[in-house]
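Residue numbers (the numbering used here): 5 to 150. All C-beta atoms, glycine included, are put in the ideal place defined by N, C-alpha and C.
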């Protein structure tokens, strides 16, 4: 056999692969996986606002709407400090604030805000923002009230 000259670059593929995974793929995977909570909680905010307004109109009570939002938040595994609610122009706050007139033709407006972590890692959440949604329902003009 002929003498083979050993190159100084032999045997580095394993090291390069490990570095590529650690430096490139893991941060990209964390970034991609961070979008799931954003979309999930954005949909939750929209659905909770719509259900709260409908429940309040049907029961003629903002408490019924607040209960609907609390139930939805609990189903998503959120604590009471991760969702804010505001009725008829009130700024959303934890526990819900504001009230609405419940007469015929009244417009019931609700604003819901949900806490969304910026990045979720196996070691916990990093940062976060409030994502909100609003919805309005009208109390039927010919509804029986009383």
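Roughly how many angstroms separate the alpha carbons of residue i and residue j, rounded to a whole number?
i, j, result
"residue 75", "residue 87", "11 Å"
"residue 135", "residue 17", "45 Å"
"residue 40", "residue 103", "33 Å"
"residue 64", "residue 77", "22 Å"
"residue 57", "residue 29", "44 Å"
"residue 1", "residue 79", "Because the chain here runs from 5 to 150, residue 1 falls outside it and cannot be looked at."
"residue 50", "residue 22", "42 Å"
"residue 132", "residue 120", "5 Å"
"residue 27", "residue 42", "24 Å"
"residue 48", "residue 149", "31 Å"
Kindly give me the distance between the Cβ atoms of residue i and residue j, rounded to whole angstroms, as I take these residues to be in contact under 8 Å.
i, j, result
"residue 116", "residue 84", "Not a contact, Cβ separation roughly 13 Å."
"residue 113", "residue 93", "7 Å"
"residue 139", "residue 24", "That pair is no contact at about 47 Å."
Once you ignore the five residues that flank residue i on each side, which residues in its own chain have a CB closer than 8 Å to its CB?
i, result
"residue 68", "59, 60, 62"
Just reading off the alpha helix (DSSP H) that residue i is part of, what are its end residues?
i, result
"residue 78", "66 to 79"
"residue 21", "17 to 24"
"residue 35", "30 to 37"
For residue i, list the residues DSSP reports as bridge partners.
i, result
"residue 87", "118"
"residue 133", "120"
"residue 113", "140"
"residue 97", "89"
Once you ignore the five residues that flank residue i on each side, which residues in its own chain have a CB closer than 6 Å to its CB?
i, result
"residue 110", "143"
"residue 123", "38, 130"
Give every residue of the same chain whose Cβ lies closer than 7 Å to the Cβ of residue i, excluding the five residues on either side of it in the sequence, and list them in chain order.
i, result
"residue 98", "84, 85, 88"
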